[in-house]
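Data block below; observations after.
Residue numbers (the numbering used here): 8 to 276.
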C-alpha cells in the first residue's frame, strides 16, 4: 500500500510541473486555459518538488516523511486554488496525500505509540548499568536446575544482561478459529526494573492496527488502535498486571536467560 500511495503522490507531483511549463512558455498546454505568471509558475515548481520529495521519503524514510508531506500538501493545495478552474481535480489527489500524512502523524508523530515506546526505552537505557562477565560463582546461589539451565544457554563467561531489545515478525490470531494476521513487533525490556514495552503492528481485515503493551512499576496497560488513531482496546487492572508480569518472566527465561541472575528474582521449590 505504501508503494501504491507513493506512486500516486509522485504522479501528482509531476502534474504540478505543468504549471511551471505553462508559466515559462516551454510548451502549449490546452489543459490550462488561464494564464499563469512566472512567479506562480515557480510556486507550482516548488510545490511539485515538495510533493515528489514527499513521495520518495514515504518509501525511504517512512517514520518522518509526513513532516515534509504537511508542507507539500499546504503548498500544493494553495497552487490548486490559485488555478481552481483548471486544477480543481488535483484536490482529489491531495485528499490521498492528506490521508497518508494523517496516518503518518498518528503512527509516528509526537502522540503516537511509537514515540511513547521510544521515550520509555530511552529513559530506561539512560540508566544502563555496567555488565560484568557472569562467573560460576554467580550461579551458586541459584537452585541446581536453574544453574544447569543457565550453563546450557551459555550464560557463563558472557556479560550480565540488564536489558534486551527484540524485533520479530510473524502471524497472530485472537482465537483458534480466527483469521491469521501478519504482524511486526518490537520489544524493549529491563530486568532490574521489571519493565517491558511492546509495540506491535498488524493488519486486521485489511486495516492497519497498532497495539502497545506497557509494564512499569508493577502496573500494566494494553492499548490497541486502528491506524494509530481509533482506539478499540484500553485495558488495565490487576488481571492485566498479572498477565504482563507472567509474560515478562517468560521472556526472561526463554529470550534472555541471563536476566535470571537478577537478585530481585526469588526461587521456590
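For every residue, glycine included, the Cβ atom is placed at its ideal position computed from N, Cα and C.
Check: From this set, 266, 102 and 204, which residue's C-alpha is nearest residue 149's C-alpha?
Finding: 266
Note to self: For residue 101, list the residues DSSP reports as bridge partners.
What the structure shows: According to DSSP, residue 101 bridges with nothing at all.
Next item on the list: Check the DSSP bridge columns for residue 215 and list the partner residues they point to.
Entry: 210
Item checked: Reference residue 273, options 141, 256 and 202, closest by Cα -> 256
Next item on the list: Taking only the alpha-carbon atoms, compute the straight-line gap between residue 5 and residue 59 and give it to the nearest angstrom.
Entry: Examination of residue 5 is not possible in this model, given that the chain is present from 8 through 276 alone.
Notebook entry, point to check: Excluding the five sequence neighbours on either side, which residues of its own chain have a C-beta within less than 6 Å of the C-beta of residue 97, listed in chain order?
Noted result: 87
Notebook entry, point to check: Rounded to a whole number of angstroms, what is the C-alpha to C-alpha distance between residue 157 and residue 170?
Noted result: 17 Å
Notebook entry, point to check: Cβ of residue 55 within 8 Å of Cβ of residue 43?
Noted result: no
Next item on the list: Go to residue 122, then tell me how far its alpha helix (DSSP H) extends in each direction, as first and last residue.
Entry: 120-132
Next item on the list: Kindly identify the DSSP beta-bridge partner or partners of residue 227.
Entry: 222
Check: Is the Cβ-Cβ distance between residue 195 and residue 131 less than 8 Å?
Finding: yes
Checklist line | Inter-residue spacing [alpha-carbon to alpha-carbon] between residue 159 and residue 209 | finding: 35 Å
Check: How would you write the range of the alpha helix (DSSP H) that residue 52 sits in, first residue to last?
Finding: 45-67
Next item on the list: Sort out for me which residues DSSP pairs residue 195 with in a bridge.
Entry: 172 and 204
Checklist line | Segment contact flag, the region 230-247 with the region 124-141, C-beta cutoff 8 Å, min 3 pairs | finding: no
Checklist line | residue 243 (DSSP reduced to helix, strand or coil) | finding: strand
Margin query: Do residue 235 and residue 124 count as a contact pair if the criterion is CB distance below 8 Å?
Written below: no
Next item on the list: Give the DSSP-derived three-state secondary structure of residue 111 in the structure shown.
Entry: helix
Next item on the list: Quick one: grab the DSSP three-state call for residue 9.
Entry: helix
Next item on the list: Taking only the alpha-carbon atoms, compute the straight-line gap between residue 113 and residue 260 and give it to the nearest angstrom.
Entry: 35 Å
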